[in-house]
Each structure stands twice: as structure tokens, then as C-alpha cells.
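S.K.: Taking mature numbering (1 follows the signal peptide of the UniProt record, and there is no 0), I'd label the letters of the sequence shown as residues -26 to -1, 1 to 949.
All C-beta atoms, glycine included, are put in the ideal place defined by N, C-alpha and C.
All figures in this text were calculated on a predicted structure; none of them were measured in a lab.
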Amino acid sequence: MKKKSLLLLILISSLLLLFSTTSVKAETTDTPLTDADIAQVFPHKDNTEIIVSYVLEDQKELVLKTTEKKVLDIEALKKELGEDNVLDDSEKNETIVKLDPNKISFKLLVDNQKPFTLSVHKINGEEIFNYDVNDTNQTRDVVTSTDDEEDASGWVFSEMLKVSEGPILEHSDGSSTRPLLYFGDYNYAIQRMSISDAFGPRGNSRIDSLTTPGTAVLYASKGSRIEDGAKAKGNHIYTDHYGDHQENDYDMVSVINMGLKEKPRGVEDRSIGSPRSYTSNSLYNYVIESDGKGVPGVSGPNKIGESYAMLDTPKFYYRTNPKTGFEEQKMVFHQKAFYAYKKGRNNPEITTTIKLSFNKVGRVQTKIAFKNTGKYAFGNFVGLSNHDLSLNKDNQEIRDNRGKAIGNYVKLRALGNQRGMYMQSGDNQVRTTYYLNRENGPAGWAGRSSSKSYIATKGFMHSPGLIEIIPSNERYYPWKVGKDDHTWSLIGGTKPTKFFNDDIPGYRSPYVAEKLYNAFSDHWDKGDLGRKDVGGRLGVKENDPTWDAGLTMRTSPRDLLIGQTIKLEYESQIDVKGTTFNPVFELDLHGTSDNPQVISDKEFQDRKGKLPITGTWYDFDSTDVTMYYSIDSEDPEDDQILFNRSQSSNDAFNGKLNDITKVNLPLKGLDSGMHTIRFYMVDKEGHRSQTQEHVLKISKPVTNEPQIDVTSPGATSKNPYKVYGESIDIKGTWSDKDSKKIKSISYQINNHDEKIVRENIANPTLGQLNIGDIDGLDISCCNNFDKNKIVFKIVDEEGLVGTDSFYFQHVPGGLTLSAPEEIDFGTLAVSPTGGTPVKPTIKEGNIVLGDYRQQDAPPISVSLKMDKFYKEEKHNEGNDDDSLANIDTPDEETRTESPKEALVHDVYWKDKLINGDDLIIGQSAQKTGPQWEYKTNLTEDVLKNLKIRFRSGENGASSGKYVSHWTWQTVDSVQ
């Protein structure tokens, strides 16, 4: 044996003479290690399962401490570790566990209702970590103004998914279309599946990918009614994500074998629940750091049991947009690097808000906000939006006349001029377009492939091999490298690699062509963003093989400080060809009344009063189109021709994307101020496009007197800005022709005190416009429905003054109702005859009714419905199958209470026995005054007037905790 070892040493020594190697030093310590951490957390219906990992080189025992009594399932713990290995001291809320040093983890079942802190200590008392279980602070429902602009009110929380409808577009052939938006899979959203059920497991992933922004188009052929929905005769549904309304392809061999031959797709990757599309970020890189610079690790949010994937069940909201009148939706979810806090370890946390809205013409706007809601700054944060694309129709990938699937492995094309990308089905029946050049558009995007939503990868992994002789490197999404499609050998000739499928033909998912990346080379790579050619194939030459179509967007890598937010937004649209087609165009003009294009007077003069027009257009059934425009008018008499364009019949058949260049729109004669330009296109058959609006603001000429101008939001005295909340984000410009320093910029709301925004501001660019903003300007002093005025003032060093006025007005909203998480009646002795009625106590929270309705709205009442008080029992899952496929998720309808034993309760209100099934506990005052916000705190009324007398059955009641569920709701009048 010694001889063999010597020979190996000699061999290695000789190799060192031949190769240049890097010296690697490793140090060891004689200090034994004792450590533990929260590895995974799995919610069940009756409890929460916590996997505690550990390393015990020194001690064999750990101490578990809790801040509440009887929240650990001690019997289950004894069953797993052994009766003699668990010493529980219920008086101290401490449990000592003796662990097997050859194992690495144990399972702990805990209460899933009561908030408490679990801490794990060494036997000497030193804390290893602490973890807040059932922490209500981890499930924040409030989205701040930074997350959702300044309109955070009016949102309705819902436990059920839903589909929201956009505007109906009528076509000249009698057909009509309507865009739809939702989260995840259309099938689940239209069924109104609960969020908790959708969050449940399917294989290694979730049932529905709730962070996927979903969009569809409902098409009604001539003679059909679009209001009758997707199942009506003659109606069809089109979607554009893999697994979104694609259930009929679930068992198709071609879908299952889309991946590598040795790794066919399992249930978690099948065509249901939008499984391979998601929203995420680089948080996982804090857990396991990448071996490469600029290629951080990424985890999908559907990886089960991990805090860095998703900390808890997402929260879903909807409301009617006050400007468009269409319903919009919002999903909020949280991620944290580690479940537990440990001394010396950073534990960043991200809250992501995804908002889906329709614009006026029915395009779906997706706005994603990544906010640092933790206690640590986040270095080089990157937000990601991943889409596995597939054009689907009526619950399956779209087919041609021969039944061949033609909606996935299709060519991805550029809109040109950095606008975005599009793809269309092989028969030209449907096209989906992603507009990626909006205000907070991605810093990089790539029309390549996709990734799995339930895996976490290191980003870049370096394996040194034997003393670095044969090192290997591997990249993972979104930095994965493309592969060869075919190989050649003398024996076998040319044959496909394992990354390529000749039957398609195309690359197996998630691979793309050699020398490409399935998204980016690193987090500075812009991918396909720079493509300026219109209609060009993305990534490869026109006739090169295709791949599993996908789209990845990313934000710029940025240090995200505590409380800061990074935004990512885009628009999408699905167009159906039909028997006739309305022309579609997109201009590179995106000014709105709230965010207009600002043109300085000098720029206006330099352009000689002309506005350059660029963009694209296409039409599936016409060779000639005409573009019309009007300025500050909706009267058809004022419409003027901007240009005429033509295309060949073949280009029309294929829906060729045509470039719009070398067009100027005359603006001469326009005064300074806001102007709205409206565009629409008509083809020679008379089919008319939707109207696109562009708002611009021409600034006043710069003078020696300072000027300040609010450019966003748009507002006038006649049309004040409509506000739902208590703050407004203000954008504007200021200028001064001759002063090198501005003394101050300030504002005053109505007759309230003037507030300074900035002082002693340098003005190095004399005579030019300077841009400024105020995030979250506080307007809480204006609790009214009146038109309010803010005067912004600028003063230069000579004392000259300039002002601008901004007007806003609160608009009526709805109602909000908050109630405590827990109400306690203490410890009681009960008998069949009952005892003295007892009052409740509330440790935390209040019963508050918020009323934002219009003035003179009638009083609103709050009712309380009480369920029975059932005994809460522990359910020991023991050694049952705890595989991921069998994990249950919390269900609001199925909790830990057993219906076998309950208390009888009599409800008293103001010392009178009443019916507890529908108790009116109070009402708001009538809104006779001018206030916008009325708040009525009913907490003291409940504590003062409510009493309950508890009785057991004839056979008595066993001791224990009895729990009831109370439902609070608003009613129009006292019943």
C-alpha cells in the first residue's frame, strides 16, 4: 500500500514539471464545529414542517427555544429522534434534542397559526439562529407609493385568481377581439382557483406559476358574441406562454421529449400552469455565490421549501383603473436569502410587485417593481423576467391544417430600433409582440430560450479537476452557452448532438445555437436590445435552426439600498389575423398626459417646428395604407394625411413588418404648453387601426427670470390630477438664462406652510432645461374632495422668482376594513349550564373601517359572523410519506380544528342576548362633511359591548384550546 502511494506521488511530481499550476492553500482548525440553520420550510394544512440542518463535531445536543407555549409537536419530534433523545421543559419553553452526528438534518413540526420565534442554541446557551414563525410582518399586504406609484388605494385583496377584460375591438368582417389579463394559467384563472391551491405543489414545482404575467385574446367570429366567452360556438382563445391554456398537450410525446433524451419532462414541466415562465432575481447568489464575475446565481420562485425562492404565499389584488376604466391586477411576493437570522450573516430580502393593466387601446402593460424590504443593502442586484413562449389556441399549441404544432419552434424577430421582438405562428394566424422600449424597459433582453421555474443554479461553476489539469466550467441560465447542432465522424458521418432534435428540427430546451447564450453572456450584456433592423431574425441567420422560443429581460446590475426599488416594464399584444385584418402600427412616441415628451423652445426652433416620426406597421390583407393625424382635436374634420405606404401582396400575406422612417410632422404655430397628437391608419379596403396618442409639452422660451414647470403628472385648473392616495410623484424642469446658482426651489399646498425642496443649486448650463423630481410629495394635509393647488416656486441668486401651479383632486374610492389577527377570551372553566359572560381582549391590531366614498354617502355598517368554537387538536404526521409530491398546503377552509368537540356559546351585546350569526357591531358616520377619508375605529365598542358565555355539552368538555373563525364584513344598513 505504501508503494502505491509513493508511485502516485512520483507521478504527480512529474506532472508538475510539465504544467504551470496555481498553488492552492487550505487551512484546517482544531476547533470543533457546532452549527445549525433552517434548510427548508413546507406548509401543511395542519402544521408547518421545518427542516433544521446541523453540523455537530463538538456537541451532540441542541436547545430549541420558543416564545410561545405548545407550538412544537414534541410527540412527532420524539417519534423521529427517539423518546430518549428529546427532553422537553414546557415551563421554560425549551426542548433539548440529542442528534445523530452522522446525519445532517431533522424535521420539526410547528403550529401554523400562532406567531412565535424559534431560536436554536448550543448547549452552553450561545444562540446559533432565530426564526420568526408565522410572522405577519413577512406577509405584508401594504404596497408603498414607491412600489405602485402614488395610487396604492382602491385595491381589493382576493384569495381567488380571476381574468380581467380589456376593450372590445370590432373588425370589418363582423368578428371581434378582446384582450384578457391574469396571472399564471388562463385555465386556473377563469376557474377562480384559490391562491393557496395554485401555490400547492406539483412534482418539484408549483401547480400554477403565479409570478407569470398572463395575457390572452378572446376572438369571436362573425355571428358569435364575444360576451358569451371562450366556450361559445365560434369563439376562440389565444395565449402566448407555454403551459398557458395548453392542457390538451399535457401527454404529448413531443412536449415530454422537448428536453434532453436522458431527461424527459416531468409533471412539473408539462404544458399546464405556465410552468417555465416566472419573475425572479439574483438573490440566490447570496446563498451560493457564483464562481464567475457578473454571472450571479438565480433561483426560480417555484422551488419548494426555500425562502430565496418564495418566502410565503403570494398576495393577489385587483381594482378598476380610474383612468382607463378597465380592471387591473397585482401580485406581491417576498423572497429572503435565508429563513433564519444568524449573527454575522447578511440576510437580504426582496418584495416584488407585478402589476398588469390595459392601456386605452387594449395592450397589456406589465410593471414589475423589485424593492429591498430587508435590513441589508443588496450589491449588484439584477431583476429578471423570464418567458417560455408558445402560441396556443383553444387549449393546445396552435396547429396547421395537417395537425402539426406550429406555435413554439418558430423564428423570433426584431421590431427594430431597439423596440422589442415578435413571433408568429407558422400559418400566420396569430402574432404576439413585446414592446420593450418603455420608460423603465429592460436594460437587456434576449429572444432566446427559457429555464425551469423550480431550480436554483449557481450561475457559473468552476470545477478544478485534478490539480487544475483538466478543469471544467459550466454556465447556467440565463448565462448558459449554446451548443453544436451536429457532429461528424468517420464512422457515423453527420449526426445530431444530444442537444439537437432532427424531428423538429431544432435545439432541445433550453439550448440555443453555438456561440449564443440562452439569454446573456453576463449581467452587462444587452442581448438583442441593440437590434435596429426591422423584422430580422434574432440571434442567427434567417434559415438556421430554431429553438424552444423564449424571452428573458433583465434590469441593470445595481446596488439596491434598503427601501430602494428597481422597476422593469414592458407592453405586449396578441393579434389574430381573422378573415380580414385591421392594420397595426407602432410609433416611437410614448408621451402621455402624466409623462409627456418635453421639447425645449430652443429644440423646437432648431427642428423648425417639425417632429420626426419613426415606427413600424404591418397589415395581413392589404397592400396600401394611409396614416392620419390630428393635433388637439378629435373632430374627424381636422384629420390630415401624414403619409401613404405600400407593400407587395406576398409581404401582406406574411405580415411583413415595415419600417416608418423619414417622416416629419409639422408643429408650426403651436404655442408653448401641452398638446395631444392622435394617429390612426386606414388600409385601402377601409379597415381602420386603433388610435395611438402622443402627448408633448413645448417649454416656454428661457429668460433671465428663473422658470419652473411641472411636466408630470399632467394637470390643469379645469382638469386637476385625480388622486387616490396621500402622495404624488412630481416631475418637472427648471431653467435660468443668466444665474449660475439657484437660491431655492420650494412648494406650498393651498395656504399651508411653504416647504423648501432644494437650496443653493448650481446652474452650470445656462439657458438649458434642467430635470428634477419629487418622489412621494405628501398631500395628507388635503383630506377633502376639493380642487387643491400646489404652487412651485424657484428663486435665483438675484432674487428673481418664477412659479408654476399644479392642481389635484381626490376622487371617491371604496371601503377598507381591517381587523385583528387574534382575539382572546382567556382561560375559563365551563359547565353545561355556563358561567359568567366574559369580555374579549385584543393584544394587537384594531377594528377600523376606512371610508373613501363620495360626500353624502350613506352610513356603512360592520357585521360580525361567528363560527363555532372547535377544539384545536394536533395531527401527528409521523413517518408518513413526506415527499414533495405529497405535501399539502394551507387551506383557508381546512384548519387544525376538529369538529368532534366544540363549545356552545351565547353572544351578548350591551348585556342583551342576541343572535351571533350576524351581529352588527357598529357603523360609520354619514359622510356629510367634505372629508375624503373617514376612519371609524370600532375596537373600543367591541371590547366594551361584546360578551360571550361559554357552555359545554351535557358530558362536559375536555381541557384545551378552542378556536372560532370570525368574519367581518360591511353592509349597507343596519339589519
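Whole beta strand (DSSP E) runs in the stretch 126 to 194 with 3 or more residues, listed along the chain?
M.R.: As far as the stretch 126 to 194 is concerned, its whole beta strand (DSSP E) runs of at least 3 residues are 130 to 132, 150 to 157 and 187 to 194.
S.K.: Using CA atoms only, rank isn't needed, just tell me which of Ile834, Gly629, Asn569 and Asp703 is closest to Val669.
M.R.: Ranking Ile834, Gly629, Asn569 and Asp703 by Cα distance to Val669 puts Asn569 first.
S.K.: Would you decide whether Pro904 is buried or exposed? Buried here means 16 or more other CB atoms lie within 10 Å of its CB.
M.R.: Answer is exposed; the Cβ neighbour count stays below 16.
S.K.: Let's test the definition: count the other Cβ atoms within 10 Å of the Cβ of Gln547 and tell me whether it reaches 16, buried, or not, exposed.
M.R.: Per the 10 Å Cβ criterion, buried.
S.K.: With Gln579 as the anchor, note down where its alpha helix (DSSP H) starts and where it stops.
M.R.: Unbroken alpha helix (DSSP H) run through Gln579: Asp575 to Asp580.
S.K.: Is it the case that the stretch 410 to 423 contacts the stretch 245 to 255, given that we only count it when at least three CB pairs across the two stretches are under 8 Å?
M.R.: Not touching, per the Cβ criterion.
S.K.: State buried or exposed for Asp121, treating a residue as buried only when at least 16 other CB atoms are found within 10 Å of its CB.
M.R.: Reliability fails at Asp121, whose pLDDT of 47 lies under 50, so the model's placement of it is uncertain and no value is given.
S.K.: In this structure, how does DSSP classify residue 1015 when only helix, strand and coil are distinguished?
M.R.: With the chain covering only -26 through 949, there is no way to say anything about residue 1015.
S.K.: Determine the extent of the beta strand (DSSP E) in which Glu733 is found, giving its start and end residues.
M.R.: Looking at the DSSP string, the run of the beta strand (DSSP E) that includes Glu733 is Lys729 to Ala736.
S.K.: Would you mind giving the Cβ-Cβ distance between Gly271 and Asn259, rounded to the nearest angstrom? I have them listed as a contact below 8 Å.
M.R.: Their Cβ separation, rounded to whole angstroms, is 4 Å, which keeps Gly271 and Asn259 in contact under 8 Å.
S.K.: Assign Leu51 to one of three DSSP states: helix, strand, or coil.
M.R.: In this structure, Leu51 counts as helix in the three-state DSSP scheme.
S.K.: Buried or exposed: where does Gln614 fall if 16 or more other Cβ atoms within 10 Å of its Cβ makes it buried?
M.R.: Burial call: exposed.
S.K.: How long is the line joining the alpha carbons of Leu135 and Ala172, rounded to whole angstroms?
M.R.: Near 9 Å, if we compare the C-alpha coordinates of Ala172 and Leu135.
S.K.: Under the DSSP definition of a beta bridge, which residues are partnered with Ala10?
M.R.: The partner list for Ala10 (beta bridge, DSSP) reads Tyr28.
S.K.: Of the choices Lys310, Leu363, Ser183 and Val656, whose alpha-carbon is the least far from that of Val558?
M.R.: For the residues Lys310, Leu363, Ser183 and Val656, the minimum Cα distance to Val558 belongs to Val656.
S.K.: So what does Lys310 bridge to, in DSSP terms?
M.R.: Glu323, per the DSSP bridge assignment.
S.K.: Suppose the cutoff is 8 Å on Cβ atoms and the five residues either side in sequence are ignored; what does the same chain contact list for Thr868 look like?
M.R.: Legend: pLDDT at Thr868 = 37, less than 50; position of this residue unreliable, no value from coordinates given.
S.K.: Looking at C-alpha atoms only, which residue of Ile78, Lys77, Val45 and Arg449 is the closest neighbour of Asp62?
M.R.: Selected option, being the one with the closest Cα: Val45.
S.K.: In terms of residues, what are the limits of the alpha helix (DSSP H) holding Pro918?
M.R.: Reading off the sequence, residue 918 comes out as Lys, not Pro. Unbroken alpha helix (DSSP H) run through Lys918: Thr913 to Asn919.
S.K.: Would you say Tyr252 and Thr186 are within 7 Å of each other, going by their C-beta atoms?
M.R.: Yes, these two residues count as a Cβ contact at 7 Å.
S.K.: Comparing alpha-carbon positions, which option in Lys817, Ser27 and Leu563 lies nearest Lys81?
M.R.: Cα-wise, what sits closest to Lys81 is Ser27.
S.K.: Determine the contact status of Leu893 and Tyr936, defining contact as a CB-CB distance below 7 Å.
M.R.: No, they are not a contact pair.
S.K.: Assess contact between the stretch 901 to 917 and the stretch 828 to 841, defined as three or more Cβ pairs (one per stretch) separated by less than 8 Å. Is contact present?
M.R.: Touching, yes.
S.K.: Is it the case that the Cβ atoms of Gln897 and Pro833 are separated by a distance below 7 Å?
M.R.: For Gln897 and Pro833, yes; Cβs fall inside 7 Å.
S.K.: If you count every other CB in all the chains shown that lies within 10 Å of the CB of Ser424, and 16 or more means buried, which is it?
M.R.: The residue in question, Ser424, is buried, as its Cβ has 16 or more Cβ neighbours within 10 Å.
S.K.: Where in the stretch 208 to 252 do unbroken runs of the alpha helix (DSSP H), each at least 4 residues long, occur, reported from the N-terminal end onward?
M.R.: Here the runs fully enclosed are 227 to 230.
S.K.: Could you check which residue in Ile181, Gly583 and Val486 has the C-alpha nearest to that of Leu386?
M.R.: It is Val486.
S.K.: Would you call Val775 buried or exposed, if buried means 16 or more other Cβ atoms sit within 10 Å of its Cβ?
M.R.: Per the 10 Å Cβ criterion, exposed.
S.K.: Extract the residue ranges of the alpha helix (DSSP H) inside the stretch 666 to 734, only unbroken runs of 4 or more that lie entirely within it.
M.R.: Counting whole runs of 4 or more residues, the stretch 666 to 734 contains no alpha helix (DSSP H) stretch at all.
S.K.: Are the CB atoms of Asp747 and Lys705 nearer to each other than 7 Å?
M.R.: Cβ atoms of Asp747 and Lys705: closer than 7 Å.
S.K.: What number of angstroms, rounded off, separates the C-alpha of Ile465 from the C-alpha of Leu512?
M.R.: Their backbone Cα atoms lie some 35 Å apart in a straight line.
S.K.: To the nearest angstrom, how far is the alpha carbon of Ser168 from that of Glu133?
M.R.: Each residue's Cα considered, the two are about 5 Å apart.
S.K.: Using the rule of at least 16 other Cβ atoms within 10 Å of the residue's Cβ for burial, across every protein chain shown, is Ile380 buried or exposed?
M.R.: Ile380 is buried by the Cβ-count criterion.
S.K.: Starting from the C-beta of Tyr602, find all residues in its chain whose C-beta is less than 8 Å away, skip the five residues before and the five after it, and write them out in chain order.
M.R.: If we look at Tyr602 and ignore the five residues flanking it on each side, its Cβ neighbours are Asp613, Gln614, Ile615, Leu616, Phe653, Tyr654, Met655 and Val656.
S.K.: Who are the near neighbours of Thr944 in its chain, counting only those whose CB is closer than 8 Å to its CB and skipping five residues on each side?
M.R.: Excluding positions up to five away in sequence, the list reads Leu789, Leu791, Leu823, Ile834, Ser835, Val836 and Ser837.
S.K.: Count the other CB atoms, across all protein chains shown, that sit within 10 Å of the CB of Ser179; report buried if there are 16 or more and exposed otherwise.
M.R.: Answer is buried; the Cβ neighbour count reaches 16.
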